[in-house]
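To keep things clear, I will list the structure first and then write my remarks on it.
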Amino acid sequence: MKIAFELNGKAAAAEIEPRESLAEVLRSRCGLTGVKISCESQVCGSCTVLVEGVPVSACTYLAYEVRDKRVTTIEGLAHAGRLHPLQQAFIDHFAFQCGFCTPGMILAAKSLLDEKADASEAEIIAYMSGNLCRCTGYLAIVRAIQQASEKLRDEPPTGREGAGS
């Protein structure tokens with residue numbers, strides 16, 4: 002079956018099998034290896050992408066479900082050579098070690114901040130509970146999200162979904 006969707010702000014199409022996960026299609030057909038596959042059972046959050054701005058586990062989300070929808074991956078966040086404030090904050094706070102979980106963490110955090118730009122520490126911790134990291138402590142991740150929250154509140158919206166609006 003052929004599907005058409007918006008991927009990181011651009012029109013996209015793919016020929017897929019009805020049983021294929023979104024993660025498989027994004028990685029194999031679209032070459033977006035920032036989408037990580039780990040548990041394959043919707044537990045770890047490493048495969049998190051945004052569909053219509055909502056975080057989904059791409060490892061269990063069937064690719065055909067994105068027909069005519071907007072999909073954002075980690076590759077779609079930087080704009081005009083500038084990292085998204087969340088990406089920069091993760092670097093500033095050393096909020097990753099191996100980096101495997103980082104794309105999913107950043108996309109989940111983006112969804113949170115799009116929903117609630119002034120999320121409290123407790124709200125950040127609760128929202129991020131579906132994203133697991135085996136390498137680093139979570140304090141740096143929370144601090145990075147708080148920094149990005151402050152930066153995003155101070156920046157005017159760009160009008161581009163993937164860039165923090």
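Start counting at 1 in the sequence shown, then tack on 1, and there's your number in the numbering used here.
No residue lacks a Cβ here, since even glycine has one placed at the ideal position from N, Cα and C.
Given the structure is predicted, the values throughout are model-derived calculations rather than measurements.
Residue i Cβ short of 7 Å to the ligand SAM heavy atom set
{"i": "A127", "result": "Of the ligands one can find in the structure shown there are none, so the ligand SAM has no counterpart to examine."}
Where residue i sits in the DSSP three-state scheme
{"i": "I4", "result": "strand"}
{"i": "G160", "result": "Reliability fails at G160, whose pLDDT of 47 lies under 50, so the model's placement of it is uncertain and no value is given."}
{"i": "S112", "result": "helix"}
{"i": "V1", "result": "Because the chain in this structure spans residues 2 to 166, residue 1 falls outside the shown range and cannot be described."}
{"i": "S121", "result": "coil"}
{"i": "E18", "result": "coil"}
{"i": "V67", "result": "helix"}
{"i": "S58", "result": "strand"}
{"i": "A90", "result": "helix"}
{"i": "A141", "result": "helix"}
{"i": "K37", "result": "coil"}
{"i": "R83", "result": "strand"}
{"i": "T103", "result": "helix"}
{"i": "A12", "result": "strand"}
{"i": "L133", "result": "coil"}
{"i": "L51", "result": "strand"}
Cβ separation of residue i and residue j, assumed to be a contact under 8 Å, to the nearest whole Å
{"i": "G35", "j": "P86", "result": "Wrong, their Cβ atoms sit about 17 Å apart, outside the cutoff."}
{"i": "E53", "j": "R71", "result": "5 Å"}
{"i": "G46", "j": "C102", "result": "7 Å"}
{"i": "R30", "j": "A15", "result": "5 Å"}
Member of the options whose CA lies at the smallest distance from the CA of residue i
{"i": "A109", "options": "M129, E53 and H94", "result": "M129"}
{"i": "K152", "options": "G131, L84 and N132", "result": "L84"}
{"i": "G100", "options": "G10, K37 and A15", "result": "K37"}
{"i": "E18", "options": "A64, E7, N9 and D119", "result": "A64"}
{"i": "T74", "options": "S58, E66, G82 and K3", "result": "S58"}
{"i": "Y139", "options": "L8, A96 and T61", "result": "A96"}
{"i": "C60", "options": "A123, H94, A12 and E21", "result": "E21"}
{"i": "K3", "options": "E41, Q98 and E66", "result": "E66"}
Within 8 Å, strictly: CB atoms of residue i and residue j
{"i": "L170", "j": "V50", "result": "Residue 170 lies beyond the residue range present for the chain, which begins at 2 and ends at 166; the question has no answer from this structure."}
{"i": "I142", "j": "C134", "result": "yes"}
{"i": "P56", "j": "S121", "result": "no"}
Using 8 Å as the cut-off, can you tell me whether the region 142-151 makes contact with the region 87-99, which would need three or more C-beta pairs spanning the two stretches below that distance?
yes
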